[in-house]
Amino acid sequence: MNRKTQAAEVEVLDPMTTHPVLIRKTIWENDDTFTLTLDMGDYGQGFRFLPGQFNMVYVYGVGEAAVSISSDPAKPAVLDHTIHRVGLVTTALAQMKRGDVIGIRGPYGSSWPIDCARGKDVCIASGGIGLAPLRPIIYTLIKRREEYGRIIVLYGGRSPLDLLYRVELEKWANDFNVEVLVTVDRGDSSWKGHIGVVTSLFQYIKLDARETIAYVCGPEVMMRYTVDELDRRGIPQTQTYLSMERNMKCAVGFCGHCQYGPTFICKEGPVYPLPRVRPLLDRKEL
Amino acid sequence: MFIVELSDLQGLITALQGNGYAVIGPTVRDGAITFDTLNSVDELPRGWTDVQEAGSYGIRRREDDALFAYNVGPHSWKKFLFPSRLRLFAAQKAGKGFEVDPAPTGTLPRYAFFGVRSCELAAIAIQDKIFMDGKYTDKHYKTLRKSACIIAVNCVRVGGTCFCDSMNTGPRAKAGFDLALTEVMADGKHHFLVEVGSPLGKSLLQKVTHREAQDAEKVQVDRILKAAEDKMGRTLDTQKLPRVLQDNFEHPRWEDIAKRCLSCANCTMVCPTCFCSTVEDVTDLTGDHAERWRRWDSCFTTDFTKVAGGNMRMSTRTRYRQWMTHKLSNWVEQFGTMGCVGCGRCITWCPVGIDITAEATAIRENSMSTLNG
Amino acid sequence: MEKEDLSEIMRQHPFLDGLAFEHMQLLIGCASNARFADDSTIIQEGQVANKFYLIRSGRVALQMDVPGKAPVRIQTVGPGEVLGWSWLISPYRWHFSGVVVLETRAIVLDGECLRNKCAKDPEFGYEMLRRLSRVMERRIDATRLQLIDLYDATGGAPR
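Residue numbers (our numbering), protein chains in the order written: chain A, 53 to 338; chain B, 24 to 396; chain C, 289 to 447.
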């Protein structure tokens with residue numbers, strides 16, 4: 053019987069192939085969150101990303117995790133990823149040191165839109181590690197500070213020790229005329245800042261509703277309440293953007309894990325204009 | 024249209040093999056009609072049929088020698104185009120780091136799928152949209168798909184769980200094939216009406232003994248296929264169905280289904296359009312060699328929506344709702360078509376016989392929205 | 289401070305936003321102006337609650353005293369917010385302490401004075417309750433959010 057078969061032309065699975073890059077340093081932001089600075093090396097040639105996009109970070113033999121890029125988009129050769137140590141991959145990443153090699157593929161997903169913010173006020177509302185995917189847009193805004201009106205950063209954390217980027221928060225406030233308001237869920241007598249949920253900070257700032265663009269990222273519950281607060285303050289939904297999180301395996305729309313209603317967070321998200329996801333936010337276990 | 028006699032059908036398999044194809048077709052194995060390498064017409068399920076109902080499947084002997092008088096079995100062609108396990112890359116330890124070897128081992132076969140039903144053509148077209156037509160391309164899929172030859176077979180009978188008529192995907196193949204066969208057994212004749220769907224199909228047919236079909240023979244096939252259409256085992260009213268399901272996100276029926284559903288994932292495994300996958304990372308014992316594998320996953324597994332600090336879908340109720348709402352509603356927004364082709368596999372292979380058509384009907388008939396379908 | 293000046297200051301406080309003139313007059317009769325230094329205790333858990341504070345500037349931490357431990361700070365209130373509603377609810381005792389974090393200026397309303405006026409003028413009383421209920425609702429919401437330990441949950445955006 054004729055069993056001879058011809059081989060089809062073989063192409064590789066480009067979008068799923070990882071690229072080795074070097075760890076330059078690890079900075080611990082708090083007890084279980086750290087920022088990895090990566091030297092992108094050869095892979096950095098031609099690597100560009102937009103604020104709000106994410107990478108798939110691979111640990112040899114262990115697995116991959118989707119992590120937002122938290123550094124300045126103007127410096128794509130050296131990338132920061134701020135990572136919460138929770139699972140297998142992130143725990144492995146936490147143990148890696150300067151000179152170790154991990155894999156990167158990306159960048160994936162949508163970004164915080166910047167053009168719509170030109171000439172307008174920007175209100176950034178964040179909670180917990182949600183500040184990390186917003187840091188690139190803050191860098192971008194303050195680089196051309198004069199092109200924007202007020203820049204307000206509202207940030208909530210569990211406790212003063214849990215807050216990310218504390219030094220930078222102060223720097224943004226002092227050197228770049230950013231209105232930074234930070235609150236924590238729990239503080240002791242040494243904490244002179246606000247205590248309470250992040251939405252409570254809105255009462256200390258007056259927003260010019262029609263002239264304000266809002267970027268929101270944090271735990272989903274926090275985002276739900278923040279969106280209500282923005283609504284109460286008259287910010288049109290079309291001027292609000294938020295970034296969502298779901299389980300992801302492929303980041304390119306193949307694996308099905310990150311489906312959020314009719315959307316794939318890896319393709320259409322993670323950053324969405326509020327009107328796109330507003331009806332979905334109220335659907336439990338979507 | 025042309026006629027190929029039963030005795031000349033082997034010529035088609037031989038022609039495919041002569042063109043370098045690995046021919047895959049239906050065959051009887053383990054009490055079911057499954058797909059495997061096909062070298063000879065004799066390996067086809069000649070004289071067999073299947074009996075399908077919600078939660079049950081069996082094969083029976085027929086009183087004739089029909090080659091294709093059954094419907095779809097537990098396998099679908101996705102197992103060839105979108106293999107259940109695939110190595111994505113290998114990595115070797117090198118100094119402090121590692122080197123990635125993205126090339127798949129060996130070479131990919133050029134498949135000829137022999138006996139593809141109309142609903143399965145639709146399913147392949149749906150997976151094309153997922154893996155080839157978006158921003159990113161699954162090159163493994165695309166390589167296999169682009170080099171594959173498709174010999175369709177029209178369904179002259181329909182199964183107990185079939186509803187391709189409702190999904191507008193059958194029983195007659197309209198496009199997406201190189202050749203399409205209809206088996207005709209009447210008046211002592213046993214031959215195949217052949218439609219040519221592509222230049223490749225045309226050139227293949229040149230290598231097989233055939234003749235022009237007479238008008239009466241064409242009409243006869245029209246009649247046979249029309250008769251099949253009228254005997255659909257199930258129906259699904261798709262009118263405004265995507266909207267109906269969105270409006271019934273909190274319908275009590277989901278809980279009712281959850282009481283029966285075992286969350287076994289069978290429906291997603293047998294579904295010819297389900298495309299979810301997960302990845303596994305492995306190393307050898309020395310740790311010098313690592314691999315990353317993709318394997319089929321299911322939205323019914325508990326880990327599917329796990330995130331740091333929780334799980335987005337915690338119950339069978341919400342998992343089943345995701346699956347069915349995805350198939351019949353969200354899919355339309357994502358890919359411009361429903362994710363269901365009416366093949367009935369999920370009904371047949373559900374161990375407790377949950378019937379997607381019945382559940383959709385139950386929700387529609389007791390819709391919580393003002394919209395009534 | 290003259291009552292007229294106080295009236296102007298009070299009018300600017302969000303809690304009293306849009307309050308009818310005659311109701312404002314009733315309030316002014318119970319009001320005084322106060323300043324509290326850093327680390328001073330404005331109200332003390334367990335003590336008689338006979339004051340209602342409209343914060344104008346600064347920051348006050350609400351805290352619960354936990355025997356054997358440092359006090360637990362639940363929340364801070366700042367400009368535009370109010371401090372204390374126990375003056376309204378029998379047995380009129382503070383359920384938490386209020387400690388100044390940043391030097392604070394506030395309008396102080398006398399609780400007994402307010403209670404009497406509320407009782408005498410139900411329309412005024414309803415207006416006060418309506419405004420306080422809104423504050424309470426927001427505080428309960430906020431407390432619930434703190435209870436679920438938000439930041440232990442998912443973070444938004446891939447990470």
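The beta-carbon is built from N, C-alpha and C at its ideal position, and this holds for glycine as well. Predicted model only: the values in this text are computed from it and were never measured.
| So L294 (chain A) and C269 (chain A) are in contact, right, with Cβ under 8 angstroms, and what is the actual spacing, rounded? | With a beta-carbon spacing of about 6 angstroms, L294 (chain A) and C269 (chain A) fall inside the 8 angstroms limit used to define contacts.
| task | Taking only beta-carbon positions, decide if C307 (chain A) is within less than 9 angstroms of chain B. | result | Taking Cβ atoms only, chain B reaches closer than 9 angstroms to C307 (chain A), which makes this a yes.
| task | Return the first residue and the last residue of the alpha helix (DSSP H) that W354 (chain B) is part of. | result | Under the DSSP assignment, W354 (chain B) falls in the alpha helix (DSSP H) whose first and last residues are 354–358.
| query | Taking buried to mean at least 16 other C-beta atoms within 10 Å of its own C-beta, is K195 (chain A) buried or exposed? | reply | Result: exposed.
| message | Taking the straight line between their C-alpha atoms, what separation do you get for A171 (chain B) and Y164 (chain B)? | response | When rounded, the distance between both Cα atoms is 11 angstroms.
| field | Assigned secondary structure, Y80 (chain B) (DSSP; H/G/I helix, E/B strand, else coil) | value | Taken through DSSP and simplified to helix, strand or coil, Y80 (chain B) comes out as strand.
| Where does the unbroken beta strand (DSSP E) through Q105 (chain A) begin, and where does it stop? | Boundaries cannot be given for Q105 (chain A), as no beta strand (DSSP E) includes it and DSSP labels it neither H nor E.
| message | Using 8 angstroms for Cβ pairs, my map puts K265 (chain A) next to V138 (chain A). What's the rounded Cβ distance? | response | Here residue 265 (chain A) turns out to be Ile, not Lys, going by the sequence shown. Not really, about 31 angstroms apart at Cβ, beyond 8 angstroms.
| field | Distance CB(D320 (chain B))-CB(C307 (chain A)) smaller than 9 angstroms | value | Less than 9 angstroms divides the Cβ of D320 (chain B) from the Cβ of C307 (chain A).
| query | Is F254 (chain A) helix, strand or coil by DSSP? | reply | Helix at F254 (chain A).
| How would you list, in chain order, the residues of chain A whose beta-carbon sits under 8 angstroms from the beta-carbon of C172 (chain B)? | Those do not exist, as C172 (chain B) stays about 11 angstroms from chain A at its closest Cβ, beyond 8 angstroms.
| request: Apply the 10 Å Cβ neighbour rule to P374 (chain B) and answer buried if 16 or more other Cβ atoms are within range, or exposed otherwise. | output: Counting Cβ neighbours within 10 Å, P374 (chain B) comes out exposed, since fewer than 16 surround it.
| said: Let's test the definition: count the other Cβ atoms within 10 Å of the Cβ of F101 (chain A) and tell me whether it reaches 16, buried, or not, exposed. | reply: F101 (chain A) comes out buried.
| message | Quick check on Q300 (chain C): buried or exposed, where buried means 16 or more other Cβ atoms within 10 Å of its Cβ? | response | Under this definition Q300 (chain C) is an exposed residue.
| task | Label E81 (chain A) either buried or exposed according to how many other C-beta atoms from any shown protein chain fall within 10 Å of its C-beta, with 16 as the threshold for buried. | result | Looking at its Cβ environment, which holds 16 or more other Cβ atoms inside 10 Å, E81 (chain A) is buried.
| task | Could you please give the first and the last residue of the uninterrupted alpha helix (DSSP H) stretch that includes I147 (chain B)? | result | I147 (chain B): member of the alpha helix (DSSP H) spanning 141–154, first to last residue.
| request: Return no unless some Cβ of chain C is closer than 9 angstroms to the Cβ of M274 (chain A). | output: Closer than 9 angstroms: yes.
| query | With a CB to CB cut of under 7 angstroms and the five nearest residues on each side skipped, what residues in its chain are close to V219 (chain B)? | reply | L202, K225, L228.
| If you follow the alpha helix (DSSP H) that G399 (chain C) is part of, which residue opens it and which one closes it? | Element bounds for G399 (chain C): 399–408.
| field | Cβ neighbours of I176 (chain A) in the same chain (closer than 6 angstroms, five flanking residues each side left out) | value | L186, V205, Y267.
| request: Take M292 (chain B) and list the residues in its own chain whose beta-carbon comes closer than 6 angstroms to its own, dropping the five residues that flank it on each side. | output: Spatial neighbours of M292 (chain B) in its own chain (CB-CB distance under 6 angstroms, excluding positions within 5 residues in sequence) are not present.
| Unbroken beta strand (DSSP E) run spanning I75 (chain A), endpoints | 71–82 is the extent of the beta strand (DSSP E) around I75 (chain A).
| Neighbour flag for M68 (chain A) against chain B, beta carbons, 9 angstroms | For M68 (chain A), the answer is yes, since a Cβ of chain B falls inside 9 angstroms of its Cβ.
| query | When the Cα atoms are used, what is the spatial distance from V181 (chain B) to W71 (chain B)? | reply | Annotation: V181 (chain B) to W71 (chain B) spans about 14 angstroms, alpha carbon to alpha carbon.
| said: Please list, in chain order, the chain A residues whose beta carbon lies closer than 7 angstroms to that of K230 (chain B). | reply: One finds nothing in chain A with a Cβ atom closer than 7 angstroms to the Cβ of K230 (chain B); even the nearest lies about 13 angstroms away.
| request: Report yes or no: do three or more beta-carbon pairs, one from the stretch 286–293 of chain A and one from the stretch 250–266 of chain A, lie closer than 8 angstroms? | output: They touch, by the three-pair rule.
| query | Exposed or buried, what is G399 (chain C) when buried is set at 16 or more other beta-carbons lying within 10 Å of its beta-carbon? | reply | Taking a 10 Å sphere around the C-beta of G399 (chain C), we find 16 or more other C-beta atoms and assign the residue as buried.
| Can you list, in chain order, the residues of its chain whose CB lies under 6 angstroms from that of K484 (chain B), leaving out five sequence neighbours each side? | Residue 484 (chain B) lies beyond the residue range present for chain B, which begins at 24 and ends at 396; the question has no answer from this structure.
| query | Do L268 (chain B) and T348 (chain B) come within 9 angstroms of each other at the CB atom, strictly closer than that value? | reply | Closer than 9 angstroms, so yes.
| request: Excluding the 5 residues preceding and the 5 following P165 (chain A) in the sequence, name in chain order all residues of the same chain whose CB lies nearer than 7 angstroms to its CB. | output: Its chain contains Y293 as the residues whose beta carbon lies nearer than 7 angstroms to that of P165 (chain A), once the 5 sequence neighbours on both sides are disregarded; these appear in chain order.
| task | Using a Cβ cut-off of 9 angstroms (strictly closer), state whether I247 (chain A) contacts chain C. | result | At a cut-off of 9 angstroms, the C-beta of I247 (chain A) has a neighbouring C-beta in chain C.
| query | When you compare only the Cα positions, how much space is there between C297 (chain B) and Q345 (chain B)? | reply | So the two alpha carbons sit approximately 12 angstroms from each other.
| task | Put Q33 (chain B) into one of helix, strand or coil per three-state DSSP. | result | Look at Q33 (chain B) here: in three-state DSSP terms it is helix.
| task | Note down, in chain order, all residues in the stretch 362–374 of chain C with a beta-carbon under 9 angstroms from any beta-carbon belonging to chain A. | result | Of all residues in the stretch 362–374 of chain C, I362, Q363, T364, V365, G366, P367, G368, E369 have a Cβ within less than 9 angstroms of some Cβ in chain A.
| Reduced DSSP secondary structure (H/G/I, E/B, other) of H383 (chain C) | Reduced to three states, the DSSP call for H383 (chain C) is coil.
| Straight-line gap, E66 (chain B) to K162 (chain B) (C-alpha atoms, nearest Å) | Within the model, the alpha-carbon separation for E66 (chain B) versus K162 (chain B) is close to 32 angstroms.
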